[in-house]
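K.L.:
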Amino acid sequence: DGGITQSPKYLFRKEGQNVTLSCEQNLNHDAMYWYRQDPGQGLRLIYYSQIVNDFQKGDIAEGYSVSREKKESFPLTVTSAQKNPTAFYLCASSMTGQGRNQPQHFGDGTRLSIL
Amino acid sequence: AQSVAQPEDQVNVAEGNPLTVKCTYSVSGNPYLFWYVQYPNRGLQFLLKYITGDNLVKGSYGFEAEFNKSQTSFHLKKPSALVSDSALYFCAVRDGRGNKLVFGAGTILRVKS
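Same order as they appear, the protein sequences are chains A and B.
Residue numbers for the first sequence, in my numbering: 512 to 626.
Residue numbers for the second sequence, in my numbering: 711 to 823.
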């Protein structure tokens, strides 16, 4: 059963701590995305990657970092530089090239809170 | 740069009545438009898309959307609302060149029995 798995579902961060959110997909999609969701603001793009070993900043990349060492995996690190990390984080994937008219597929999210 | 506006924070409708959730967009070139639904503490689920062709697009769970180029709108509709349709709905647009989507702020739909 193909899909996107995000873990953990809930995560708590202490002051000065970096935390990493996991995103794995078995859809064989080239492109992967990280979004941040805050109430009333919709989804804002943090980082995206269209191919392994390459990624680009989205609209709100400050305080976040990513890696794309494998096609299936796109982990997001929320660093201590992100002063307001409390949000719902969503990972998505999609085809590229001629398949990019297909919709993005989403995981079920990770809710990050500050202790 | 592309943008999406969902002018209503919340839409309330009685079960069995028709529903409309509004979306307008701005994009250079041809728009690629999508509607997604989100239930509490879940990811987004794809409902329907407009790429090209007929202006009336049919999607999942009885939803449809009408693309209007002159009004730059892509309103989501359903002839008869169900209580189970209550959720958060997002409209999104992509221009013809890239893979990135731009999302509206979302509209909460409440269907009352």
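The beta-carbon is built from N, C-alpha and C at its ideal position, and this holds for glycine as well.
Could you tell me the distance, in whole angstroms, from the CA atom of serine 790(B) to the CA atom of valine 723(B)?
P.N.:
Rounded to whole angstroms, serine 790(B) to valine 723(B) spans 10 angstroms at the Cα level.
K.L.:
Are the CB atoms of leucine 538(A) and serine 584(A) within a distance shorter than 9 angstroms?
P.N.:
Taking 9 angstroms as the Cβ cut-off, serine 584(A) and leucine 538(A) do not qualify as a contacting pair.
K.L.:
Please list the terminal residues of the continuous beta strand (DSSP E) segment that includes arginine 555(A).
P.N.:
Run containing arginine 555(A): 554-562, per the beta strand (DSSP E) assignment.
K.L.:
For the beta strand (DSSP E) holding asparagine 722(B), just list the boundary residues, first then last.
P.N.:
It spans 720-724 - the beta strand (DSSP E) in which asparagine 722(B) sits, taken as one unbroken run.
K.L.:
Which of the residues in the segment 589-619 of chain A, read from start to end, lie with their CB under 9 angstroms from any CB of chain D?
P.N.:
Given the protein chain composition of this structure (A and B), no chain D is represented.
K.L.:
Helix or strand or just coil, what does DSSP make of leucine 749(B)?
P.N.:
Sequence check: residue 749(B) is tyrosine here, not leucine. In the structure shown, tyrosine 749(B) sits in coil (DSSP, three-state: anything other than H, G, I, E or B).
K.L.:
Specify, as a first and last residue, the run of the beta strand (DSSP E) that isoleucine 625(A) falls within.
P.N.:
Looking at the DSSP string, the run of the beta strand (DSSP E) that includes isoleucine 625(A) is 621-625.
K.L.:
Roughly how many whole angstroms lie between the Cα atoms of serine 794(B) and asparagine 751(B)?
P.N.:
Cα-Cα distance, rounded: 16 angstroms.
K.L.:
Tell me which residues share the same chain as glutamine 613(A) and place their Cβ nearer than 7 angstroms to its Cβ, disregarding the 5 neighbours each side in the sequence.
P.N.:
Here the set comprises Ser605 and Met606.
K.L.:
To which residues of the same chain is lysine 788(B) closer than 6 angstroms at the C-beta, ignoring the five residues directly before and after it?
P.N.:
Within the same chain, lysine 788(B) has close Cβ partners Leu729, Gly772 and Phe773.
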